[in-house]
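Only one structure is covered here, and it is reproduced in the block below.
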Amino acid sequence: MRQLIRPWRHVFKLDPDRALGDKELEAVCRSGTDAILVGGSTGVTYDNTVSLLERIRPYGLPCALEISDLEAAVPGFDLYMIPMVLNTADTSWILGHHRRAIERFGSLIPWELLLTEGYIVLNGDSSVARLTGADSSLDAAGAGAYAQIADKLMNLPVVYLEYSGAFGDMEIVREVREVVEHSQLFYGGGITGATEARQAAALCDTVVVGNIIYSDVEQALMTVQAVRETPQRDWL
Ligand code: 1GP
Numbered sequence: 001m002r003q004l005i006r007p008w009r010h011v012f013k014l015d016p017d018r019a020l021g022d023k024e025l026e027a028v029c030r031s032g033t034d035a036i037l038v039g040g041s042t043g044v045t046y047d048n049t050v051s052l053l054e055r056i057r058p059y060g061l062p063c064a065l066e067i068s069d070l071e072a073a074v075p076g077f078d079l080y081m082i083p084m085v086l087n088t089a090d091t092s093w094i095l096g097h098h099r100r101a102i103e104r105f106g107s108l109i110p111w112e113l114l115l116t117e118g119y120i121v122l123n124g125d126s127s128v129a130r131l132t133g134a135d136s137s138l139d140a141a142g143a144g145a146y147a148q149i150a151d152k153l154m155n156l157p158v159v160y161l162e163y164s165g166a167f168g169d170m171e172i173v174r175e176v177r178e179v180v181e182h183s184q185l186f187y188g189g190g191i192t193g194a195t196e197a198r199q200a201a202a203l204c205d206t207v208v209v210g211n212i213i214y215s216d217v218e219q220a221l222m223t224v225q226a227v228r229e230t231p232q233r234d235w236l
């Protein structure tokens with residue numbers, strides 16, 4: 001599964017709990033993005049996840065489910081991304097929900113389709129920060145330390161810098177870039193057009209675009225080309 005996501009430079013994240021018209025969904029799926037990630041912090045259910053998957057499937061691009069609620073573990077995705085929030089004191093978001101999932105689903109879990117994401121939640125005003133009790137007041141050294149825990153101690157395939165809803169501090173992102181050697185570095189948060197998309201793409205392996213799809217799909221579509229045109233710099 002690491003190989004499947006390796007080439008992903010641009011990903012659209014779709015929230016099953018938010019309405020998106022057929023025309024807009026088609027534009028997103030035909031935009032040239034590398035993959036669709038389905039996920040959200042609240043209101044994600046089995047039924048709304050199934051119905052979104054059914055609408056995306058005809059377009060034939062890779063489709064991953066980011067599991068944030070056990071009730072919404074829907075079969076049929078290409079890949080399952082399992083968040084572990086590293087910067088929270090609430091261990092249920094690191095191990096607790098994961099333990100419950102394994103106790104509940106046991107041998108039904110398709111381990112070969114799972115990838116773990118080491119989440120570092122950096123926007124204190126976001127739903128994900130409130131939900132998980134994340135300590136978002138980290139400076140660059142703190143974020144970099146968590147990133148190295150994911151990259152070097154835990155050997156996680158993905159480090160996810162999550163600024164959901166607000167464009168991040170690129171100095172923090174840059175410092176994290178410099179210390180992450182093996183994990184694929186995802187950035188998500190507040191990308192509303194080409195300019196932010198380019199900045200994030202220069203520093204990160206994979207750029208995730210969410211909210212703007214729902215408020216200005218044309219701007220969202222511009223981010224695909226912007227990411228494509230941006231070379232990843234050689235940071236190390
Ligand atoms: C959210 O990282 C993604 O989980 C994308 O963030 O919705 O702010 O684009 P936005």
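Just so we're aligned, residue 1 is where the sequence shown starts under our numbering, counting upward by one. Idealized CB from N, CA, C, for every residue including glycine.
(request) Starting from residue 56, trace the alpha helix (DSSP H) both ways and give me its first and last residue. (result) For this step, residue 56 is matched to residue 56 along the sequence shown. Per DSSP, residue 56 belongs to the alpha helix (DSSP H) from 46 to 56.
(message) Using only CA atoms, which one of 152, 163, 37, 151 lies nearest to residue 138?
(response) By 1-based counting over the sequence shown, the position of residue 138 is 138. Ranking the options by Cα distance to residue 138, first place goes to 163.
(request) Alpha carbon to alpha carbon, how far is residue 10 from residue 227? Give it in angstroms, no decimals. (result) Counting from one through the sequence shown, the residue named residue 227 turns up at place 227. Counting from one through the sequence shown, the residue named residue 10 turns up at place 10. When rounded, the distance between both Cα atoms is 6 angstroms.
(request) State the start and end residues of the unbroken beta strand (DSSP E) segment that holds residue 143. (result) If you number the sequence shown from 1, residue 143 lands on position 143. Per DSSP, residue 143 belongs to no beta strand (DSSP E); it is in the alpha helix (DSSP H), 140 to 148.
(message) Does residue 73 come out as helix, strand or coil in the three-state DSSP assignment?
(response) The count along the sequence shown starts at 1 and reaches residue 73 at position 73. The answer is coil: DSSP assigns residue 73 none of H, G, I, E or B.
(message) Using only the alpha-carbon positions, how far apart do residue 49 and residue 74 sit?
(response) Numbered from 1 along the sequence shown, position 49 holds the residue referred to as residue 49. Numbered from 1 along the sequence shown, position 74 holds the residue referred to as residue 74. Straight-line Cα distance between these residues: approximately 7 angstroms.
(request) May I ask you to list the residues that DSSP assigns as paired with residue 134? (result) For the purposes of this step, residue 134 is taken as residue 134 along the sequence shown, with counting starting at 1. Per DSSP, 88.
(request) Measure how close the beta-carbons of residue 35 and residue 16 come, nearest whole angstrom, since I'm counting them as under 8 angstroms. (result) Here the question's residue 35 lines up with position 35 in the sequence shown. Here the question's residue 16 lines up with position 16 in the sequence shown. About 16 angstroms; that fails the 8 angstroms criterion.
(request) Would you kindly check if the distance between the Cβ of residue 197 and the Cβ of residue 207 is under 8 angstroms? (result) Here residue 207 refers to the residue found at position 207 when the sequence shown is read from its first residue. Here residue 197 refers to the residue found at position 197 when the sequence shown is read from its first residue. Yes, the Cβ-Cβ distance between residue 207 and residue 197 is below 8 angstroms.
(message) Nearer than 7 angstroms: is that true of the beta carbon of residue 189 relative to any heavy atom of ligand 1?
(response) Here residue 189 is taken as the residue at index 189 of the sequence shown, counted from 1. Checking every heavy atom of ligand 1 against the Cβ of residue 189, one is found closer than 7 angstroms.
(message) Out of 29, 140, 1, 54, which one is the CA nearest neighbour of residue 82?
(response) By 1-based counting over the sequence shown, the position of residue 82 is 82. Nearest option by C-alpha distance: 1.
(message) To the nearest angstrom, how far is the alpha carbon of residue 236 from that of residue 173?
(response) Mapped onto the sequence shown, residue 236 falls at position 236. Mapped onto the sequence shown, residue 173 falls at position 173. With a pLDDT of 45 at residue 236, under the threshold of 50, the predicted position of this residue should be treated as unreliable, though the coordinate-derived value follows. Roughly 14 angstroms separates the two Cα atoms.
(message) Is residue 165 close to ligand 1? I mean its beta-carbon at under 7 angstroms from any heavy atom of the ligand.
(response) The residue you call residue 165 lines up with position 165 of the sequence shown. Residue 165: yes, Cβ under 7 angstroms from ligand 1.
(request) Thinking residue 120 and residue 87 are a contact (beta carbons under 8 angstroms), I'd like their distance in whole angstroms, please. (result) Mapped onto the sequence shown, residue 120 falls at position 120. Mapped onto the sequence shown, residue 87 falls at position 87. About 5 angstroms; that satisfies the 8 angstroms criterion.
(message) Just to confirm my understanding: we take residue 93, look at its own chain, exclude 5 residues before and 5 after, and list those with CB closer than 6 angstroms. What are they?
(response) The residue you call residue 93 lines up with position 93 of the sequence shown. Excluding sequence neighbours, residue 93 sits near 85, 132.
(request) Would you kindly work out how many angstroms separate the C-alpha atoms of residue 188 and residue 170, rounded to a whole number? (result) The residue given as residue 188 occupies position 188 in the sequence shown. The residue given as residue 170 occupies position 170 in the sequence shown. So the alpha carbons of these two residues sit roughly 12 angstroms apart.
(message) Given a cut-off of 8 angstroms on the beta-carbon distance, is the pair residue 229 and residue 160 in contact?
(response) Locating residue 229 in the sequence shown gives position 229, where the first residue counts as 1. Locating residue 160 in the sequence shown gives position 160, where the first residue counts as 1. No; because the gap between Cβ atoms is not below 8 angstroms, this pair is not in contact.
(message) Closer than 7 angstroms to a non-hydrogen atom of ligand 1 - does that hold for the CB of residue 210?
(response) In the sequence shown, residue 210 corresponds to position 210, counting from 1. At least one heavy atom of ligand 1 lies less than 7 angstroms from the C-beta of residue 210.
(message) Can you tell me whether residue 154 is helix, strand or coil according to DSSP?
(response) Numbered from 1 along the sequence shown, position 154 holds the residue referred to as residue 154. Of the three classes helix, strand and coil, the one that applies to residue 154 here is coil, per DSSP.
(message) Is residue 229 near ligand 1 - that is, is its Cβ less than 7 angstroms away from at least one heavy atom of it?
(response) Walking along the sequence shown from the start, residue 229 turns up at place 229. Flag unset: Cβ of residue 229 not near ligand 1.
(request) For residue 111, count neighbouring Cβ atoms within 10 angstroms of its own Cβ and tell me buried if that reaches 16, exposed if not. (result) Here the question's residue 111 lines up with position 111 in the sequence shown. Exposed, by the Cβ-count rule.
(request) Tell me whether the beta-carbon of residue 216 lies closer than 8 angstroms to the beta-carbon of residue 184. (result) As a first step, residue 216 is located in the sequence shown; it is residue number 216 there, counting from the start. As a first step, residue 184 is located in the sequence shown; it is residue number 184 there, counting from the start. No, Cβ-Cβ distance for residue 216 and residue 184 is not below 8 angstroms.
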